[in-house]
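Note sheet for the following structure.
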Amino acid sequence: MPEANSNPPPLVRMSGITKRFGPVTVLRDVQFECRAGEVHVLAGENGAGKSTLIKILAGVHTEFEGRLEINGSRGVAVIHQELSLIGSMSVADNIFLGRAPARAGFVCAARQEQDSRRWTAQLGLDIDVRQPVEKFPAAIQQLIEIAKALSQDARVIVMDEPTSALNAPEVARLFALIQSLKARGCAIIYITHKMEEIERIADRITVLRDGQWIGTAPAAELPAPKLIQWMVGRELGEQFPRRVPHSGGERLRLENFSVFPTGFSARPAVNQISLSARAGEVVGIGGLQGSGASELFLGLFGAYGSRTSGAAQMDGRPCRFASPRQAIGSGVALLTNDRKATGLVLSLSVAANATLAGLPALSPGGWRSPARERAAAEKMTGPMRLRAASLDAEAGTLSGGNQQKVALAKSLQTRPRLLLLDEPTRGIDVGAKREIYQLVDEWTAQGIAILLITSEMPELLTLSDRVIVLHRGRITAELARGQATPEAVLAAAMGQTTEEL
Amino acid sequence: MSKRFAQISSFLAVALLAGCNKSDSSDNAPVITKEGREVPGAARTYTVGMSQCNLGEPWRVQMNEDIRAAAAKHPELKVIFKDAQNDTLKQRSHVEEFVSSKVDLIIISPKEAQPLTEPVASAMDAGIPVIVLDRALLGDKYTCFIGADNKKIGKAAGQWIAKKLGGKGKVVELMGLMTSTPGQDRHTGFREGIAGTDIDVIFSADMKWLEPDARQEMESALARFDHIDLVYGHNDPGAHGAYLAAKAAGRDNIIFVGIDALPQEGVAYVQQGILDATFRYPTGGAEAVDTALKILNGQAQTVPKKIVLGTRLFDKSNIAQGGEALP
Amino acid sequence: MNDTADAARPPAWKTFLGSPGGRALLALVLVLAAGAAFNADGAFFKIGTHRDTLRQASVYGILACGMTLVIISGGIDLAVGSVVALTAVCAATMAIHWNWPAWEVVPASLAIGGACGTIAGFITAAWKVQPFIATLAMMVFARGLAKYASGGMKVSTAVQNADGTYHYVEVPTLFRVIDHRILGGNLSMVTVIFIICVALAWLALSRHRWGRYLYAIGGNEEAARLSGVPVVGAKVCAYAASGLFAAVAGLCQAAQEQQGDPEAGAGYELVAIAMVVIGGTSLMGGRGGIGLTLLGVLTIGYLDKILSINAVPEAGRLVLTGVIIVAAVMTQRRNRT
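Chain order of the listed sequences is A, B and C. Numbering-wise, the first sequence is residues 1 to 501 according to my numbering. Numbering-wise, the second sequence is residues 502 to 828 according to my numbering. Numbering-wise, the third sequence is residues 829 to 1165 according to my numbering.
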């Protein structure tokens, strides 16, 4: 880990920051400072106050107590966890939104394109900057967001979970870019939940807990166990509970299953794969961006209608579903990888979201009873430690982690026999992750078969009884628990089949 | 693919329906000599192009009916009807189409004066006589204008009201669209008709020619005033709406007067005892056909430049005789 | 673990005032206060005035009930005004000219409105045409049908004989019943019908599965679909319901005019939309409710009445109504972050 420059002047200094929303104090007497040429990780569980602190830094919240000093006038660029790009506009337009190079009001499209291409190339992105952003997958969009922030040439750059949609090579490129920014004298404030990232790039780490500043230390002095202790305030015996494998009869069998999301004339996203899963088993699906894992789930779930081919059987009975409704009725549940776009209806309450998929069972003859719905919602969200008072709150007002819990509750409401989890712990803090792993354990004990997609290697390896690795729609490896090492999984994900390993 | 197809078909459906008009398209074949000139003379069919500004108002439907009925009596007349659906530009193209297909005469009931004056002038220049109905054009480049005088009708209504109330009483005036000439004329005419009497217009509101609006305004008047003698509506639907409001309120001794006197509407209301009087706003359709025949038969010099149609009063005393013509 | 990241909790009355319901209620209270201030020599305080205000607003209000369902599902229905005319013409023809009894006229009229709505709903939900366009097409189509079915003239109690003269028939019982007053002449029957429509719409939205589906579809259609919501079916039902409500409104319109006017209902869809929007239901879908629409109906209804009893000239009415609609919508927008 490169040593931070000895005592250069801080680019940012915040002291005594206190922020209240009505009667609730979100930040209490927090201090934070950040120097040029360092990567300063801001760590803390969900709800610790990290986003609020960043919003104060970025100037979104203008009313607060305490002092905020930013040296230099070039400001702060923030790369958000939830992307702020405009889907229907081109990449170039997005990168220069509001700052387009213009003459007398007319945008110089050529100049803008040229500049955008320069920034995206720096991130290793080889894309057509004239295409609308929505055509690109989430991972690429995140890199575009990063390019946008970098093009603002700010000296302080805040990155909030920037790698949540990136694969390993892309992460490596990003980190190399961060190193070059450091060398240029920028300060990077980095928010992440991933331990291995903190271990890799942090120079200093500041920990917030429950709105209070716990401490700031050089990374060398904060190994993982101690960092976790600072974050959760208690000793965590082991970070992930050990999974006791359960195994029952065969629940799911796919044979030569293919998925054609855009129609039979295009290339299939999932190409003739065969796999099986048993009751009580967790089958991990490993793969990088474009592997087809999410499309596999969606195709199996009936989201692409009849644009699938091959044989699918559940408990011995054929199960090629023509709609999500059919799938849910037959005992399949899906947790999507993008809770805001496809997982939740943010304008509805938590209870309404939690009961949405299971509504037919809760409303005999079509008539609903609010009391019955509340009870069902409480029953599902209770084990996930979602406060009851927020059952009527709009799902959109919840933090990311809580939203994920609501989405999970909705999936479980329908008493599925097969559960498809796509990135179940994305954007969730350590403590909540642990709870979800315990829940996975309980679900398998109940005999539910689980297919799990996750981009976090430790999670994949800990939870899965078996790992199947996909690369561009085909299976490149099937690894038993003992064989699954990070290297084996990564190699298979990048295309090396088991024969080549 | 099917999404695109569906979008295009529904767009086409809208366009088709919007463009659909009730035009009877029939071919017209005037007798033409080898030199290309038309030959007037006996025993030939005359083709008359009729452009109506819209067929949304029943009164205009009645006008077309009157023309059709009058023309039916003369088998040598063939009338082509076109509906401009209240679109001035469409009506312009009607005139141009009539000119290029060389009709013998044009009858037009224009939407607006200014934009249609020039096309009609061009038609006159091409040798086609033009009869203008109901709404006047600018200048005098047309053969004949036939229309009623709303001011006169309003004044007749005012005088009838003054006589009926014996020179004093409390009157509610429900006005038509006051941004239109008929509304303004029926209003000023009425005020002229009651000038000098002790008649007090206690409430006046713009009901835009619409019956539901008239009902609402009448309800407001009934709420405000305990004593109302008579309601003067600028058209029969308005007077009818006011009548229903008063009937529902149990206020039975109010007199109702309207204008238009369509046979199935205003005249029927008088016969049913709903209105006490209505004044015909003549369509001029029959007169237009008579005038057209005169022109086509070579008697154009006997046709005056402007024919002002008289009105007809229908009230309880003369309804059996089919009303009474007023000068 | 606490959820400090979730929104904070201010006092209850402040929450209410900031909510759409609170703001709609505030708008209504302000309009009523204006009525009390400009009461036209006490006319505003008469019970008859309130009865008449409700009567006048009822037809629009019935349309607004169906419009609420459609708007919550993320769509819009521009055809309702034309369906009012179509049903008015058909109902008048059936009841006056063909002498059908009420128990045949009513279902037939409802079927006509429902069919129009179902067709428009199918075009937008199954063929994925934008609701604006699909219902615009239906608006033109239904208006054309109304004119065709009526021959361009009003269908009234004056029936033409073969020789061109007219004979007069009685106003049918159905129409007389609808245009009747109850409770000692203090409540119009159409208002009762309106209240029944409000109750039915409320039941659907708040107590039926289908209502929840509409909210989900309007809030996030893809998430709803992936949660097993039958999106196409629910949407078609919403437009069908809007057509049914429009048919009810058409019956009330015909009864109150004692005739079927093919020009009726022109512009009514915009009034219905204004009532829904002023009430606080979002045009983007996913939020709102019947209670809010009821407040919107009353607000616009009373505003109309106050302008009417004070004999405010037409130009002034249009300007004032426009300003108030914009003001009401803007105060709602501040609530949304």
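For glycine and all other residues, C-beta sits at the position ideal for the given N, C-alpha and C.
{"Item": "Quick check on this structure: which residue in C:Val983, C:Ala1075, C:Lys975, C:Ala953 has the alpha carbon closest to the alpha carbon of Val935 of chain C?", "Value": "Sequence check: residue 935 of chain C is Pro here, not Val. It is C:Ala1075."}
{"Item": "Tell me whether the beta-carbon of Leu897 of chain C lies closer than 8 Å to the beta-carbon of Ala1029 of chain C.", "Value": "yes"}
{"Item": "So, does the CB of Gly980 of chain C fall closer than 8 Å to a CB anywhere in chain B?", "Value": "yes"}
{"Item": "Which residues mark the beginning and the end of the beta strand (DSSP E) in which Glu998 of chain C is found?", "Value": "Premise fails: Glu998 of chain C is in no beta strand (DSSP E) and is neither H nor E."}
{"Item": "Applying the criterion that 16 or more other CB atoms from any shown protein chain within 10 Å of the CB defines a buried residue, is Asn402 of chain A buried or exposed?", "Value": "buried"}
{"Item": "Specify whether the segment 635–649 of chain B and the segment 787–803 of chain B touch according to this definition: at least 3 beta carbon pairs, one from each stretch, less than 8 Å apart.", "Value": "yes"}
{"Item": "Between Ile475 of chain A and Val467 of chain A, how many whole angstroms is the CB-CB distance? I'm expecting something under 8 Å.", "Value": "Incorrect: roughly 11 Å between the Cβ atoms, too far for contact."}
{"Item": "Using alpha carbons as the reference points, say which of A:Ser390, A:Thr192, A:Asp392 lies closest to Gly44 of chain A.", "Value": "A:Thr192"}
{"Item": "Looking only at its chain, what residues have a beta carbon closer than 7 Å to the beta carbon of Pro162 of chain A, apart from the 5 residues adjacent to it on each side?", "Value": "Ile79, Gln142, Ile146, Leu174"}
{"Item": "Counting only runs that start and end within the segment 61–141 of chain A, where is the beta strand (DSSP E) found for 3 or more residues in a row?", "Value": "65–70, 76–79"}
{"Item": "Roughly how many angstroms separate the alpha carbons of Asp761 of chain B and Gly1108 of chain C, rounded to a whole number?", "Value": "43 Å"}
{"Item": "Pick helix, strand or coil for Ile428 of chain A, following the three-state DSSP scheme.", "Value": "coil"}
{"Item": "By a C-beta neighbour count over all protein chains shown, 10 Å radius and 16 as the cutoff for buried, is Asn1138 of chain C buried or exposed?", "Value": "buried"}
{"Item": "Residues of the segment 735–763 of chain B in Cβ contact with chain C at a cutoff of 9 Å, in chain order, please.", "Value": "Pro738, His741, Gly742, Leu745, Ala746, Ala749, Ala750, Gly751, Leu763"}
{"Item": "Label Ala840 of chain C either buried or exposed according to how many other C-beta atoms from any shown protein chain fall within 10 Å of its C-beta, with 16 as the threshold for buried.", "Value": "exposed"}
{"Item": "Nearest-angstrom Cα distance between Val1105 of chain C and Cys1065 of chain C?", "Value": "21 Å"}
{"Item": "Output the boundary residues of the alpha helix (DSSP H) element that contains Arg879 of chain C.", "Value": "875–900"}
{"Item": "At 4 residues or longer, what runs of the alpha helix (DSSP H) sit wholly inside the segment 936–1013 of chain C?", "Value": "959–978, 1001–1006"}
{"Item": "Looking only at its own chain, which residues have a Cβ that is under 6 Å from the Cβ of Asn5 of chain A, when we skip the five neighbours before and after it?", "Value": "Because Asn5 of chain A sits at a pLDDT of 49, beneath the cut-off of 50, its placement in the model cannot be relied upon, and the point is left open."}
{"Item": "With a cut-off of 8 Å, does the C-beta of Asp528 of chain B fall near any C-beta of chain C?", "Value": "Residue placement at Asp528 of chain B is flagged as unreliable, the pLDDT there being 40, under the threshold of 50; a coordinate-derived value is accordingly withheld."}
{"Item": "Could you tell me which whole alpha helix (DSSP H) segments of length 4 or greater appear in the segment 292–340 of chain A?", "Value": "293–300, 324–329"}
{"Item": "So which residues on chain C does Phe704 of chain B lean against when the C-beta distance must stay under 7 Å?", "Value": "Ala1139"}
{"Item": "When you check each C-beta in the segment 105–136 of chain A against every C-beta of chain C, which residues fall closer than 7 Å?", "Value": "none"}
{"Item": "Where does the unbroken beta strand (DSSP E) through Val24 of chain A begin, and where does it stop?", "Value": "24–35"}
{"Item": "8 Å is my cut-off, CB to CB: does Asn989 of chain C come that close to chain A?", "Value": "no"}
{"Item": "Give the straight-line distance between the Cα atoms of Gly774 of chain B and Ala1143 of chain C, rounded to the nearest whole angstrom.", "Value": "35 Å"}
{"Item": "Who are the neighbours of Ile228 of chain A on chain C, taking C-beta pairs under 8 Å?", "Value": "Result: empty, since nearest Cβ-Cβ is about 14 Å, beyond 8 Å."}
{"Item": "With distance defined between alpha-carbon atoms, name the residue in B:Glu613, B:Asn587, B:Phe582, B:Lys612 nearest to Glu598 of chain B.", "Value": "B:Phe582"}
{"Item": "Considering Cα atoms alone, identify which of C:Val987, C:Ile1021, C:Arg1037 is closest to Pro764 of chain B.", "Value": "C:Val987"}
{"Item": "I want to know whether the segment 611–631 of chain B touches the segment 588–602 of chain B - three or more CB-CB distances under 8 Å.", "Value": "yes"}
{"Item": "Decide if Gln802 of chain B is buried, meaning its Cβ has at least 16 other Cβ atoms within 10 Å, or exposed.", "Value": "exposed"}
{"Item": "Do Thr985 of chain C and Ile1045 of chain C have their C-beta atoms within less than 8 Å of each other?", "Value": "no"}
{"Item": "Could you check whether Tyr996 of chain C and Ala778 of chain B sit closer than 8 Å to each other, using their CB atoms as the reference points?", "Value": "no"}
{"Item": "Ends of the alpha helix (DSSP H) at Glu373 of chain A?", "Value": "370–381"}
{"Item": "Assign Arg184 of chain A to buried or exposed, taking buried as 16 or more other Cβ atoms, counted over all protein chains shown, within 10 Å of its Cβ.", "Value": "exposed"}
{"Item": "Rounded to whole angstroms, what's the CA-CA distance from Leu27 of chain A to Ser51 of chain A? Just pull it up for me.", "Value": "10 Å"}
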